[in-house]
Amino acid sequence: MLDLSADMRPARDVGGDFYDYFMLEDQRVAIAIGDVCGKGIPAALFMAVAITALRNAAQSEPDVASTLTRVNEHLCRDNDANMFATLFYGVLDLRSGVLEYGNCGHNAPYVLSGGKRKALPTTGIPVGLIANRAAKSALVVLNPGDSLVLFTDGVTEAMNAGEEEFGTGRLEALLDDAGPVAAAELLTRIYADVDAFAAGEDQADDITCLTLRLAPSRTLAALNA
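For what it's worth, numbering that gives the first Met the number 0 labels the leading residue of the sequence shown as 0, then goes sequentially.
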């Protein structure tokens with residue numbers, strides 16, 4: 000039905016990256032990835048608040064846009080430290096393959112479909128920055144066998160000894176060559192390529208990835224029967 004894999008490697012003992020996934024009603028799965036500004040304990044606390052706010056809003060709000068609007072309002076409240084987070088949040092209908100998503104200032108995820116790659120651009124600004132601002136959402140259809148790749152900037156900004164960044168181009172080349180592989184295998188390849196590029200250099204930022212692959216058509220047919 001759904002093949003999903005995720006991992007987070009903090010640059011410090013307490014990181015600012017986060018990811019989450021959970022089931023909603025009507026055979027829908029919610030997925031999220033984000034990056035809190037800053038590191039250490041303050042970032043971790045803000046991250047915990049963001050995850051809790053997202054889960055609570057997702058259970059009661061009717062759609063992605065209203066969920067993100069509520070999360071933003073919650074994070075803007077009593078935010079004396081002026082913290083914020085980039086956040087991608089999506090809800091995938093496992094019966095239809097329709098993904099409703101909102102991208103609040105986060106790195107554009109990629110859909111891999113039929114040997115082609117498509118980026119899902121931002122739909123708004125990071126959460127926690129400006130109160131009383133309605134979030135926006137968009138739709139994309141994942142076909143059987145398609146993959147979705149979410150990541151934080153720790154992937155593309157990983158550096159080698161020459162202070163060269165891994166970059167978007169290397170990630171896109173990896174994804175173009177990946178083929179129809181399982182979510183865990185794709186995740187492993189991303190981390191392996193980043194590690195090989197960095198060649199032992201200290202990790203300056205958290206590195207987080209979440210990959211998923213929609214089941215082949217035969218499995219989806221059984222689900223909809």
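Each residue gets a CB set at the ideal place from its N, CA and C atoms; glycine is no exception.
Predicted, not measured: the structure shown is a model, and the values here were computed from it.
Spatial distance of residue i from residue j (CA atoms)
i    : j    : result
C75  : Y88  : 18 Å
G178 : K117 : 14 Å
C208 : G166 : 15 Å
K38  : Y18  : 16 Å
R217 : P61  : Only weak support exists for where R217 lies, its pLDDT of 48 falling under 50; the value from the coordinates is given anyway. So the alpha carbons of these two residues sit roughly 30 Å apart.
D25  : A31  : 19 Å
L44  : D77  : 14 Å
L185 : E72  : 35 Å
T187 : A10  : 18 Å
A225 : R54  : The displayed coordinates of the chain run from 0 to 224. Any statement about residue 225 would go beyond what the structure contains.
P215 : L141 : 11 Å
A221 : S59  : In this prediction, A221 has a pLDDT of 45, which is less than 50 and means its spatial position is unreliable; what the coordinates show is noted afterwards. For A221 and S59, the distance between alpha carbons rounds to 29 Å.
D204 : A183 : 22 Å
R169 : T121 : 21 Å
E162 : S112 : 33 Å
A224 : R94  : Since pLDDT at A224 reaches only 42, below the 50 mark, its modelled position is unreliable, and the value read off the structure follows with that caveat. Cα-Cα distance, rounded: 10 Å.
M7   : V154 : 11 Å
Span of the alpha helix (DSSP H), counted from its first residue to its last, around residue i
i    : result
L46  : Checking the sequence, you will find Met at residue 46 rather than Leu. Residues 39-59.
D152 : 152-155
I189 : 182-197
L170 : 166-177
Exposed unless 16 or more other CB atoms sit within 10 angstroms - verdict on residue i
i    : result
A125 : According to the sequence displayed, residue 125 carries Pro and not Ala. Label assigned to P125: buried.
M0   : exposed
L213 : buried
S136 : buried
S146 : buried
V63  : buried
G14  : buried
T51  : exposed
L23  : exposed
A198 : exposed
P108 : buried
D201 : exposed
N106 : buried
F150 : buried
G114 : exposed
Limits of the unbroken beta strand (DSSP E) element including residue i
i    : result
R132 : Careful: R132 lies outside any beta strand (DSSP E) and carries neither H nor E.
D2   : 1-8
V13  : Unbroken run through V13: none, as it is neither H nor E.
L211 : 206-213
8 Å contact criterion, which residue i and residue j should meet: CB distance rounded
i    : j    : result
A134 : G101 : 5 Å
A5   : A29  : Actually they are not in contact, since the Cβ atoms of A5 and A29 sit about 13 Å apart, beyond 8 Å.
D2   : L211 : 6 Å
A84  : A49  : 6 Å
L138 : C103 : About 16 Å; that fails the 8 Å criterion.
Distance cut-off 7 Å: residue i Cβ against heavy atoms of the ligand GDP
i   : result
A42 : The model on display carries no ligand, and the ligand GDP is accordingly not part of it.
Uninterrupted beta strand (DSSP E) stretches inside the region 46-127 (no shorter than 3 residues): 84-92, 97-103, 109-112, 115-118
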